[in-house]
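Read through the structure below, which is laid out as structure tokens, and then see the notes.
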Amino acid sequence: MKTNPTSEEPAPKGYFERFSSSVATATGSSAAFILALAAVLIWAALGPVFGYSENWQLVINTGTTIITFLMVFVIQKAQNKESLSVQLKLNELIAATKGASNRLVASETLSEEELDVLYKHYCAMAEATRQATDLRKSHSVEEAIDNTQEKLEKKPKG
């Protein structure tokens with residue numbers, strides 16, 4: 001279920017996508033950590049009541065194993081979506097930047113060996129730049145504002 005990528009309306013989300021996004025957000029919250037910590041503390045406090053029995057240990061072991069197993073898939077789904085979104089944003093920056101190498105668009109499809117070659121190339125470029133310029137100099141906020149203004153003025157009418 002996808003819409004036209006140029007459309008202003010977002011594509012409808014499937015049940016698992018909505019579920020995994022909600023669960024990943026909720027489990028990454030402070031409240032979820034406090035809840036998990038409270039559960040462990042309650043379990044530990046009940047140890048003497050149950051004589052530290054095997055069943056007492058089995059409760060936490062089984063619970064954490066099941067939760068961990070299921071969370072791997074939920075978190076991976078959310079991570080895949082996040083990674084793709086970041087990759088698309090980077091591709092847009094490359095495509096929109098004059099002088100940028102379009103060979104890096106979709107670089108996530110390259111092999112590790114090809115990525116290593118590119119990595120070494122850019123490390124050499126960074127080192128050459130380090131040696132040629134003062135590291136304390138950077139782009140200013142004013143430059144960023146000017147660049148943004150220039151982009152707005154060039155915005156196509158339509």
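All letters in the sequence shown, in the order written, are residues 1 to 158 by the UniProt record's numbering.
We put the beta carbon where it would ideally sit given N, CA and C, even for glycine.
Values in this document were obtained by computation on a predicted structure and should not be read as measured data.
Can you list, in chain order, the residues of its chain with a C-beta nearer than 8 Å to that of Val40? Leave out the 5 residues immediately preceding and following it. Only Ile60 meet the Cβ criterion.
What residues in its chain sit with their C-beta under 8 Å from that of Val72, if we drop five residues either side in the sequence? Cβ neighbours of Val72 within its own chain (closer than 8 Å, five residues either side excluded): none.
Cβ-Cβ distance between Lys77 and Ser20 below 8 Å: A contact, by the Cβ cut-off of 8 Å.
State the DSSP-derived secondary structure class of Ser29, mapped to helix, strand or coil. Ser29 sits in coil when the DSSP states are folded into three classes, being neither helix nor strand.
Contacting residues, own chain, Cβ-Cβ under 7 Å from Thr148 (five flanking each side not counted): So the list is empty, once near-sequence residues are dropped.
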